[in-house]
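Numbering (my numbering), first residue to last: 75 to 487. Okay, structure first, notes after.
Take a look at the structure:
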């Protein structure tokens, strides 16, 4: 019998560092999520090494300068040195995981830092206006460009923004949710066409939405420049965002929940109302928040459809109305320091208003699937008690069933 020659063993790459002990199965178990002291030391050492090398390159060896180039070079060197340090203790998959985790976390830190800088800068620049109570209780009817900060405020812009966004939400939320339900529950060629149009409208420029409402509602139908016209323009901007986000959220509802509802004899729309929408309540809230964030910061549609005014106007049907972004734009255009301070104070007030709306939306729709409020739990307890009393009364009124006649042993029936 002839034996086949054994295949030559392939050369393997040997990483520097201490020898790794193999597991009983022949392969060392990789821990990709555990955080050890060596990981912290590797991050700190890589950061110190990257800063030192970058300073050496920019300050001594090469004619480079600039903060942006310094940060980019230091970040690239940090990733290289960190990969080298991790490779001393880990193998290929763990090294890739550590590098990916470092990149993702650094991007998250960068976004938080940018957001913090924007918020803090607006608050610092607008602190001179925010410390005056009249800034929150007065409009700019009696305040000119040369008036001190003790006169005038942004009340007219804040209330105008609230009126516009409430009307826009009253239009877009039911329309957007119904359209998203239609796209998921009634599939077909028309649903695909509507989804394509919605996806195309998500990138619609804001000035186009304002011109559309200006041409149709103001010039065509004879409507005045008012808060209602501005709300219609904001609705055109918010609607595709809400539909697209709600469509994605409703798709994530497990099909087994629908099948269980259908198996109990429930109709399609009752299943949507009692099963699908409560299950994705939190996601629908997020879609509304995204749409609100898109509409509440628009300036050009409001300027085209609502005009500009320095007086407080609470009538959305007649007369011009101003929003916080538009008031901020008008304030910072002025060369006067007091008007610029009012502009940054108005921007800070806009951020506080967005935060307030976000908190309210989270309170309303932040509960998970199946979680009930105290009022809903109380109603369910009362309904259970009524059912128990009804069952007890039915048992008491029903005649007793006749007892069976005992038969003697051995007797034939």
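Cβ coordinates follow ideal geometry from the N, Cα and C atoms, glycine included.
- Residue 234 is positioned such that its CB atom lies no closer than 8 Å to that of residue 209.
- In this structure residue 196 is not in contact with residue 223, their Cβ atoms being roughly 16 Å apart against a cut-off of 8 Å.
- Of all alpha-carbon atoms in 125, 292, 138, 172, the one lying nearest the alpha-carbon of residue 114 is that of 172.
- Each residue's CA atom was taken as its position, placing residue 288 and residue 378 some 7 Å apart.
- Separation of residue 127 and residue 145 (C-alpha to C-alpha, rounded to the nearest whole angstrom) is 12 Å.
- The stretch 355 to 362 makes no contact with the stretch 285 to 303, as fewer than three CB pairs between them are under 8 Å.
- Boundaries for residue 384: no alpha helix (DSSP H) harbours it, and the DSSP string shows neither H nor E there.
- The three-state reading of DSSP puts residue 389 in coil, since its state is none of H, G, I, E or B.
- Collapsing the DSSP output to three states places residue 123 in a helix.
- By the CB criterion at 8 Å, residue 231 and residue 420 fall inside the cutoff.
- The criterion of a C-beta distance shorter than 8 Å is satisfied by residue 384 and residue 213.
- Take residue 324, set aside five residues on each side of it, and the residues of its chain with a beta-carbon closer than 7 Å to its own are 254, 255, 258, 350, 354, in chain order.
- Non-local beta-carbon contacts of residue 304 in its own chain, meaning distances under 6 Å to residues more than five positions away in sequence, involve 238, 376, 379, 380 in chain order.
- Looking only at 455, 312, 193, 275, the smallest Cα-Cα distance to residue 424 is reached by 193.
- A residue is called buried when at least 16 other Cβ atoms come within 10 angstroms of its Cβ; residue 333 does not meet this threshold and is exposed.
- One alpha carbon belongs to residue 406, the other to residue 151, and they sit about 41 Å apart.
- The DSSP-derived three-state label of residue 162 is coil.
- Here the alpha carbon of residue 451 sits roughly 32 Å from the alpha carbon of residue 242.
- The C-beta of residue 201 has fewer than 16 other C-beta atoms within 10 Å across all chains shown, which makes the residue exposed.
- In this chain, the alpha helix (DSSP H) harbouring residue 253 covers 229 to 259.
- In this structure, residue 431 and residue 373 do not form a Cβ contact; the two beta carbons are roughly 18 Å apart against a cut-off of 8 Å.
- In the three-state scheme derived from DSSP, where H, G and I count as helix and E and B as strand, residue 396 is classed as coil.
- For residue 139, the three-state secondary structure derived from DSSP is coil.
- Classified as buried, residue 387 has 16 or more neighbouring CB atoms from the shown chains inside 10 Å of its CB.
- Distance from the CA of residue 142 to the CA of residue 331, rounded to the nearest whole angstrom, comes to 52 Å.
- With contacts defined as CB atoms closer than 8 Å, residue 315 and residue 368 qualify as a contacting pair.
- Its chain contains 359 as the residues whose beta carbon lies nearer than 8 Å to that of residue 438, once the 5 sequence neighbours on both sides are disregarded; these appear in chain order.
- Annotation: the continuous alpha helix (DSSP H) that includes residue 343 extends over 342 to 345.
- Secondary structure at residue 469: helix, using DSSP grouped into helix, strand and coil.
- Straight-line spacing of the CA atoms in residue 463 and residue 457 works out to 10 Å.
- When DSSP states are grouped into helix, strand and coil, residue 312 belongs to the helix group.
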